[in-house]
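One structure is given here, and the rest of the page talks about it.
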Amino acid sequence: MSGTIARIRREFFTRGRSIKDIVRDLHVSRNTVRKVIRSGATAFAYEREVQPLPKLGPWRDVLDRMLTTNAGRSAREQLTPIRIYEVLRGLG
Numbered sequence: 135m136s137g138t139i140a141r142i143r144r145e146f147f148t149r150g151r152s153i154k155d156i157v158r159d160l161h162v163s164r165n166t167v168r169k170v171i172r173s174g175a176t177a178f179a180y181e182r183e184v185q186p187l188p189k190l191g192p193w194r195d196v197l198d199r200m201l202t203t204n205a206g207r208s209a210r211e212q213l214t215p216i217r218i219y220e221v222l223r224g225l226g
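Numbering of the sequence shown is given in my numbering, commencing with residue 135 and proceeding in unit increments.
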């Protein structure tokens, strides 16, 4: 992204191109181009304040165990994804 930021700044400030032209060439949002031009930052980072918990969290160990044992079985004995879903759904 830093290469894109540098290119946006170069196109706008040194070559005098419009935001609309930059958006067309670089295939980025107008809001992104405006943010880069206004902020003067050379890099942007997005970090979540609160990490969401995955829905599989409580059953993750069970699922890992099922997949591990499933890998050791022959193709005919392996559980299908539908069967794995049904087992997990039955657990709660």
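Idealized CB from N, CA, C, for every residue including glycine. Please read these numbers as outputs of a predicted model, since none were measured by experiment.
Of the other Cβ atoms in all chains shown, fewer than 16 fall within 10 Å of the Cβ of Glu181; this residue is therefore exposed. Going by C-alpha positions, Arg164 is about 17 Å away from Ala177. The beta carbon of Ile139 sits closer than 8 Å to those of Val170, Ala175, Thr176, Ala177, Phe178, all from its chain and outside the five residues before and after it, given in chain order. Short of 8 Å from the beta carbon of Val157, and not among the five residues preceding or following it, lie these beta carbons of its own chain, in chain order: Ser163, Arg164, Val167.
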